[in-house]
Amino acid sequence: MILLMPAPVLEVAELAHTYPDGTKAVQGVSFSVEPGEIVVIIGLSGAGKSTILRCINGIVRPTKAKIRFLDEQVRWDYGYLLQLRRRIGFIFQNFNILEKLTVLTNVLLGRLGVQPAWAMPLYRFSQRDREVATAALAKVGLLKEWHKCAGELSGGQQQRVGVARALAQEPRLLLADEPVSSLDPLTADRVLGHFVRICREEELATVINLHAVPLARKYADRVLGVRDGRIVFEGKPSQLELTILQNIYGEEYDE
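Whatever position you read off the sequence shown (first residue = 1), add 516 for my numbering.
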């Protein structure tokens, strides 16, 4: 009996992006992500981590790239990108929630991409939308807070609302750009641990940008080290020895 390996959810080949001022943000980046795999990207601020994620879901159009998502070549026309973003959840560093809206409404906004066009400006959500949103809140442990204004929550809770909103899209891929960098270390560990557990349970392919090397060691299945827009390390978190980290962050890096 031949066991067939599942196709990667995401395949990135020779990704490059140069900004209009000539800055080469990303150069020749290639990697793939399997179903349920947690890939963590580490590197200095300005190394190109955020640009990589934004190129994957089309927020930034790369100068050069071959990207395949669900075994389909990614295109850059507007209509296709709208469809792409419906299937890729994005979790932002600054939570990106609307503080005056309720927790449930914030999560329901993740369903707008699957709404018919006429319903989107009216915020008309179906019963299924509400079921998906409440299930997402339950997964992040915030179902009891559904009626509160999002601005009443703590920073860690607000980021969990952002996670729930991304889950409500029912995505096949999750991208998280420094999702816990604004939280204290204990809260960051708790929120990220909860997030990773959900991704593994749902078998969601996930790419996370992180500053904290200890969190990468603890939660990643595979780590990509980025320096000056290039991948200079790819391997298991257990391989992150001091010499490798100095190659990623510079010789002055010291744990």
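No residue lacks a Cβ here, since even glycine has one placed at the ideal position from N, Cα and C.
Everything numeric in this text was worked out from a predicted model, so none of it was measured.
Should residue i and residue j be called a contact, given that it needs their Cβ atoms to be closer than 8 Å?
i	j	result
C590	V623	At residue 590 the sequence reads Val, which differs from the Cys that was named. No, the pair does not count as a contact, with Cβ atoms beyond the cut-off.
G564	A541	yes
K664	T618	yes
Q543	A532	yes
Q674	A666	yes
I554	V729	no
S561	E527	no
G709	Y735	yes
Assuming residue i is part of the alpha helix (DSSP H), what are its boundary residues?
i	result
I575	Careful: I575 lies outside any alpha helix (DSSP H) and carries neither H nor E.
Q599	Y594 to R602
V648	Q643 to K655
F711	P701 to E718
L683	G671 to A684
I764	L758 to Y765
K616	Where K616 is concerned, there is no enclosing alpha helix (DSSP H), given that its DSSP letter is neither H nor E.
Apart from the five residues on each side of it in sequence, which residues of its chain come closer than 8 Å, Cβ to Cβ, to residue i?
i	result
P522	E550 and P551
Could you tell me if residue i is buried or exposed, where buried requires 16 or more neighbouring beta carbons within 10 angstroms of its beta carbon?
i	result
L758	exposed
G741	buried
P637	Bear in mind that the predicted position of P637 carries a pLDDT of just 46, short of 50, making it too unreliable to give a figure here.
K655	buried
R627	buried
E767	exposed
P578	buried
L600	buried
E661	buried
P632	Because P632 sits at a pLDDT of 45, beneath the cut-off of 50, its placement in the model cannot be relied upon, and the following sentence gives the value as read from the coordinates. When all chains shown are included, P632 counts as exposed.
L598	exposed
Beta-carbon within less than 6 Å of residue i's beta-carbon, same chain only, minus the 5 sequence neighbours each way: which residues are those?
i	result
G605	A682, Q685, P687 and L690
A692	I607 and I724
D744	none
E694	Q609 and N725
I747	V545 and L740
I714	K655
Give me, in chain order, the residues of the same chain whose beta-carbon lies closer than 7 Å to that of residue i; leave out the 5 immediate sequence neighbours on both sides.
i	result
W634	Confidence in W634 is poor, its pLDDT being 40 and thus under 50, which makes the residue's placement unreliable; the coordinate value appears in the next sentence. Closer than 7 Å at the Cβ level, and outside the excluded window around W634, lies no residue.
D587	A523
R733	P753 and L756
E615	C665, A666 and G667
V576	H533, T567 and R570
Q762	Y769
If I follow the unbroken beta strand (DSSP E) through residue i, where does it start and stop?
i	result
L689	L689 to D693
Strictly under 8 Å for the Cβ-Cβ distance: is residue i near chain D by that measure?
i	result
V723	Looking at the structure shown, chain D is missing, and only one protein chain is on hand.
For residue i, tell me which candidate among the options has the shortest Cα-Cα distance.
i	options	result
A651	E718, G538, L600 and K616	E718
L669	L620, R646, D705 and R644	L620
S706	D737, G671 and V739	In the sequence as presented, Ser is not what sits at residue 706; that position holds Arg. It is G671.
L731	F711, I613, V748 and W592	F711
S697	H727, Q643 and G595	H727
V525	D737, T722 and F749	T722
N772	L625, G595 and R603	Not covered by the structure: residue 772. The range shown for the chain is 517 to 771.
Would you say residue i touches the ligand PLP, meaning its beta carbon is less than 7 Å from a heavy atom?
i	result
G626	The model depicted lacks the ligand PLP and carries no ligand whatsoever.
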